[in-house]
Each structure stands twice: as C-alpha cells, then as structure tokens.
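Number of protein chains: 2
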Amino acid sequence: MKQESGKLATFLASARAKAGLSLRSVEAKTGVSNAYLSQLETAKIKTPAPQYLHKLAELYRVPYALLMELAGYPVTEPGEKKNYENDQLAARIGVVTDDEEEQLVEYLAFIRSRKGGRS
Amino acid sequence: MKQESGKLATFLASARAKAGLSLRSVEAKTGVSNAYLSQLETAKIKTPAPQYLHKLAELYRVPYALLMELAGYPVTEPGEKKNYENDQLAARIGVVTDDEEEQLVEYLAFIRSRKGGRS
DNA sequence: ACGCAATGCTAAGTTTGTCAAGCAATTGAA
DNA sequence: TTCAATTGCTTGACAAACTTAGCATTGCGT
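Top to bottom, those sequences are chains A and B. Everything in the first sequence is counted per our numbering, starting at 1 for the first residue and increasing by one. Everything in the second sequence is counted per our numbering, starting at 120 for the first residue and increasing by one.
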C-alpha cells in the first residue's frame, strides 16, 4: 500500500500559500520557472530533480529530506528501516481529513527545521 | 571550482570490479539493465535516478548518501554547511593520483558503512 | 580450428523532466 | 469602462534518462 501520489503537489502548494508568494516570485527567488512550479503543484510532474526540491526546501523552510520522501525518492540508507513506529502515532490520532493531514505534516516540518546545527 | 564529473563513473566501476561481478550479474541482482550500467560507468549518464543509486549502494555495500553526493545531488539540509574542515585533511594528505583518491573514497565508504544503527 | 557463451559497449527509440512563450482570468488604477 | 499588470496554467519544443536489441571481442571447451 504505497501512496506517493499528489502529496508533494499539495504540500508545495500549501507551503507557497502559507508564505504568501506567487509562482513568479518563487521563480525570482529560486530560479525555478513558474511553469514548472505550476506543474509541480498540480501533480503534472511526478519526480522533480532533487536540485529543485532543495531550493524549494530552503525557501519554504521545510526539510529537504521531507520533500525527497514526498517525491518518492529513497531517503534512508539501504540497511535502515523506516519509522514504522509511526503506526502507533497513527493509531492515537485516528482518522484525519486531507487538510488536517496537510497541516500536521507542515507543522512537523516546522518542528524539524528548528532542530538543526551540525558543525 | 566544482568537479562532479566522472567521479561516480569510476567509483561504480571499481566497486563492481572489487565485487567481481559482471554487468549482467549486477543487472540480475538489481534489475538495472546492463546497458545502463555500462553508460553509468563510462560517464555517459550524468545524473542517474536516486532509485538506481540506492539499489547499487545496497549491492556494493557503500553509503547511499555517498553515491548521491558523487552524482552531484544535494545531500545536506539547506541550512547546514558541508565539511570543509576536510581541507585540513587534504593539506595533510597532499597530492594523490586518481587511483589513490579512488581507493581512499572507497575505504571511507567502507568505514561509514560499518557505522549504522538508527533505531 | 570451430563454435559458443559471456563480456562490455553502442544505436535507436520511448518516456519524461524542464523551459520559453503565450493564453484566459482576475485585479486595480485612471 | 478601459487598459495594464499580475495571476495560474497550458502548449510546444528540446534534452536527457532509460530500455531493448544487437554488435565486436575475448575466453574456453571440444
């Protein structure tokens, strides 16, 4: 049951909305064309190059790794297992709407972005 | 002074040589076509999809993140800086041949692969 | 020598990311 | 209202990843 569909699209769309930026202003700040950004947010593009995800992660202040994961790229080393302990969290939270899920993901992104500090 | 050219190619080639595998046996084990592997190792392909790097990292027992970096993908979060303290290491090591550099990188990969253990 | 399998590689073709250009709708100022 | 700027989006073209099929060479068994 792998669902990697439009998650990235809606995430990027709401992140930009939250930042109050237009497609063209994002283009100005990141160098990513507005046409491409539109296709990204409408799920016309499935696997954008990591380079662009990195730029957007920087602008929106969300973790690069999260965008990579939403895009369906492998993020962990071959050996490691992914956090399926999150199933426990899912059980506690219960059913959520798409909007709620969206906001939870973004909030988690915010939390994680305030963690950094590798020397 | 960014040089990301044939590093990945030579790294993958020597990793396969060290494993004593043919292109077709790697294809059998990873699902990556031998033609594509050949193009990878002869630098005909610049930016292979991370999915393939992940499979090869698993087979060759080298860090996925290292292959990503050799391919020129961003690997760190937008905030963090890359280890330019390695300039100190470079100063200590001095001039090295391509073969030496290759072996050093692979040895470092080996060291790193024995580190893992995220819960 | 003869075949035959395995090796690395290349040629042609399909798919898909990416951009430049431009279009329809909305907004706002005069 | 009218005009111009801004918005999101689509279209057409190009480049590059990726596959299938096949080639040339090498090695080995008989």
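Ideal placement from N, C-alpha and C gives every residue a C-beta, glycine not left out.
Practice task
To the nearest angstrom, report how far apart ARG24 (chain A) and VAL32 (chain A) are at their CA atoms.
Solution key: Straight-line Cα distance between these residues: approximately 9 Å.
Handout entry: Own chain, CB closer than 8 Å to GLY125 (chain B), minus 5 neighbours either side, in chain order
Key = ALA162.
Exercise for the section: Measuring only between beta-carbons, confirm whether GLU196 (chain B) sits less than 8 Å from chain A. Expected result: Taking Cβ atoms only, chain A reaches closer than 8 Å to GLU196 (chain B), which makes this a yes.
Handout entry: Closer than 8 Å to chain A by CB, GLU146 (chain B)
Key = Among the CB atoms of chain A, none fall inside 8 Å of the CB of GLU146 (chain B).
Exercise for the section: May I ask which residues mark the beginning and end of the alpha helix (DSSP H) holding VAL145 (chain B)? Expected result: Secondary structure note for VAL145 (chain B): its alpha helix (DSSP H) is the uninterrupted segment 142-149.
Practice task
Kindly list the residues whose CB is nearer than 6 Å to the CB of HIS173 (chain B), restricted to its own chain and excluding five residues on each side of it in sequence; keep chain order.
Solution key: Same-chain partners within the cutoff: TYR183.
Practice task
Starting from the Cα of LYS148 (chain B), find the closest Cα among B:ALA176, B:THR129, B:ALA128 and B:ILE164 and give me that residue.
Solution key: Checking every option, the nearest Cα to that of LYS148 (chain B) belongs to B:ALA176.
Exercise for the section: Give the residues of chain B in contact with GLU69 (chain A), contact being defined as C-beta atoms less than 7 Å apart. Expected result: What GLU69 (chain A) touches in chain B: nothing, since even the nearest Cβ is about 11 Å away.
Exercise for the section: Determine the burial state of ALA249 (chain B): buried for a count of at least 16 other Cβ atoms within 10 Å of its Cβ, exposed for fewer. Expected result: In the structure as shown, chain B begins at 120 and stops at 238. Residue 249 (chain B) is therefore absent and cannot be evaluated.
Exercise for the section: Report yes or no: is there a C-beta of chain B within less than 8 Å of the C-beta of PRO131 (chain A)? Expected result: Shown here, chain A extends from 1 to 119; a query on residue 131 (chain A) therefore has no answer.
Practice task
Measure the alpha-carbon distance for VAL194 (chain B) versus ALA138 (chain B) and round it to whole angstroms.
Solution key: The straight-line gap from Cα to Cα measures roughly 26 Å.
Practice task
At 8 Å on the CB atoms, spell out the chain B contacts of ALA57 (chain A), in chain order.
Solution key: By Cβ distance, chain B contributes GLU196 and PRO197.
Exercise for the section: Find out if the Cβ-Cβ distance for the pair LEU189 (chain B), LEU140 (chain B) is shorter than 8 Å. Expected result: The answer is no: Cβ separation not under 8 Å.
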